[in-house]
Amino acid sequence: MNKINLTIQRKAIFEVVQDAHDHPTAADVIDRLKGKGHNFAYGTVYNSLRYLSDVGLIREMKLGEAVSRYDARTEEHQHIVCTVCGRVDEVLTELPNEWLQKVALETKYKIEHAQVVIEGVCETCATKQP
Numbered sequence: 553m554n555k556i557n558l559t560i561q562r563k564a565i566f567e568v569v570q571d572a573h574d575h576p577t578a579a580d581v582i583d584r585l586k587g588k589g590h591n592f593a594y595g596t597v598y599n600s601l602r603y604l605s606d607v608g609l610i611r612e613m614k615l616g617e618a619v620s621r622y623d624a625r626t627e628e629h630q631h632i633v634c635t636v637c638g639r640v641d642e643v644l645t646e647l648p649n650e651w652l653q654k655v656a657l658e659t660k661y662k663i664e665h666a667q668v669v670i671e672g673v674c675e676t677c678a679t680k681q682p
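When we follow my numbering, the leftmost residue of the sequence shown carries the number 553, and every step to the right adds one.
Below is the structure:
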């Protein structure tokens, strides 16, 4: 197993993602780093996020958006996205194994992992709607 090289910059970036509860984008990470007094180059942040994802410390997610979001929870779980405000929450309920088997049978794929994105309106936005 290769040794993980956590530079000062990577450690700070990892901590921002780990402390986040909203699955930040790279721009969010940069803003939060600045709020902590760090002034890393954009390239450093993007490359560090890629590195941290490649070594398995964080997970890069595409949730139907043009930008990636990052999650420090690396075990398999799903996400629900508010179609009004864009809020992202984690869904820890496991996908039914029977459903995954049916998908594999239908598609002839050997399923390695599943990432399902559920869309809906969050409680905050739902109370604002007429």
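We put the CB at the ideal spot given by N, CA and C, even for glycine.
- By the criterion of at least three beta-carbon pairs nearer than 8 Å, the segment 659 to 673 is in contact with the segment 631 to 644.
- Where GLY608 is concerned, there is no enclosing beta strand (DSSP E), because DSSP gives it neither an H nor an E.
- Residue ranges of uninterrupted alpha helix (DSSP H) with 4 or more members, entirely inside the segment 559 to 624 and ordered along the chain, are 560 to 571, 578 to 587 and 594 to 606.
- Measuring C-alpha to C-alpha distances from THR577 to each of GLU642, GLN653, VAL619 and LEU647 identifies VAL619 as the nearest.
- From the listed residues CYS677, ALA678, THR679 and THR645, the smallest Cα separation to VAL668 is found for THR645.
- Counting every other CB atom within 10 Å of its CB across the protein chains shown gives ASP574 a total below 16, marking it as exposed.
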